[in-house]
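The next block holds one structure in the form of C-alpha cells; read it before the comments.
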Amino acid sequence: MKKGFVFDLDGVITDTAKYHFIAWQALAEELGITIDLAFNEQLKGISRMESLERILAFGHQAEKFTEQEKQALAEKKNTHYVELLQSLTPNDLLPGVKAFLDQAKALNIPCAIASASKNAPFILEKLGVKEDFQAIVDPNTLSKGKPDPEIFIKACQLIQVQPSDAIGFEDAQAGIQGIKAAGMYAIGVSVGEPLDGADQIIHSFTEITAKELQQR
C-alpha cells in the first residue's frame, strides 16, 4: 500500500513553464543572448541560479558577471516571472489534478510538493490548492538539486512516509532520476518527450485515480 504522494509543480500541477520561458527570454535578450523553446527544455526542473548559469554559458558570458551581479539578474527574472503569475487562477490547474487531490484527501493520503521553485507557495495559493498539500519543500533547505534525490527524501520526511511507500510525479527527466534514486515509485507526466526510468507514464491525471495508485 502506498502511503504518500510527492509532486513536482511546473508541468505536473500547472503549466507555468511558459511564464518561465517568457521571463528568461526577456532577460537573455537584454544580455544579447537568444534562446528558444528547444533550449528552454534544458531549464526544466532545475534551480533559478542553475538556469541562469546555463543561459550565460550558452551565450558565452559565463565569466562576465560576479556572483552578486548574477544574483541580481536572477532576481530580475523572478520579479518579471511573479508579475506574469498574477494572472493564475484555479482554471490553470492541469486536467484531473483537483479531482486527484480530492481523492487523496478522502483516502487520508498526505501530499507534498517537491519543486525547485521558490514561488511554490504563492503559485499553489493562486491555484486554490495550497491547503491540499501537507508539506512544501523549501528549496533553500537543500544542498543539491535534481537529479539528486535530496528533495524527494525531504518531502517524504515532511509527510512522515518512507520513500518506498511513496509515489512521485514528475514531468522532467532529472526529476524522474531523483525519484528513482530516492527509492520511490515514479510516474512520469509526459507531453511527448520520453521520460526514461519512469515506472508509469501518464498524459494527465484524468487517466489515474488515487485509489488504484494506493494499491501499487
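Just add 71 to the spot in the sequence shown (first one is 1) and you have our numbering.
C-beta atoms are modelled at their ideal positions from N, C-alpha and C, and glycine is treated no differently.
query                                                                                                                                                             : result
Are the region 248–256 and the region 222–229 touching by the rule of at least three beta carbon pairs closer than 8 Å?                                           : yes
In terms of DSSP beta bridges, what is A257 paired with?                                                                                                          : G239
Give me whichever residues DSSP pairs with L164 in a beta bridge.                                                                                                 : T85
Thinking C-alpha only, which one of E101, R119, Y90 is nearest L108?                                                                                              : Y90
On a Cα-Cα basis, can you pick out the residue from I272, F276, L284 that is closest to K169?                                                                     : F276
Go ahead and label Q96 buried or exposed: buried means 16 or more other beta carbons lie within 10 angstroms of its beta carbon, across all protein chains shown. : buried
Quick one: which unbroken alpha helix (DSSP H) runs of 4-plus residues sit fully inside the region 118–179? Chain order, please.                                  : 119–129, 138–156, 168–177
Using a 10 Å radius around the Cβ and a threshold of 16 neighbouring Cβ atoms, would you call D209 buried or exposed?                                             : exposed
How do the region 124–135 and the region 158–168 stand: do at least 3 beta-carbon pairs fall below 8 Å, yes or no?                                                : no
Exposed or buried, what is V262 when buried is set at 16 or more other beta-carbons lying within 10 Å of its beta-carbon?                                         : exposed
Taking only the alpha-carbon atoms, compute the straight-line gap between F76 and E264 and give it to the nearest angstrom.                                       : 23 Å
Rounded to whole angstroms, how far is the Cβ of K115 from the Cβ of A243, which I believe are closer than 8 Å?                                                   : 4 Å
So, with DSSP's three-state summary, where would you put F27?                                                                                                     : Absent from the structure is residue 27, since the part of the chain shown begins at 72 and ends at 287.
Please confirm whether I126 and A145 have their CB atoms less than 7 Å apart.                                                                                     : no
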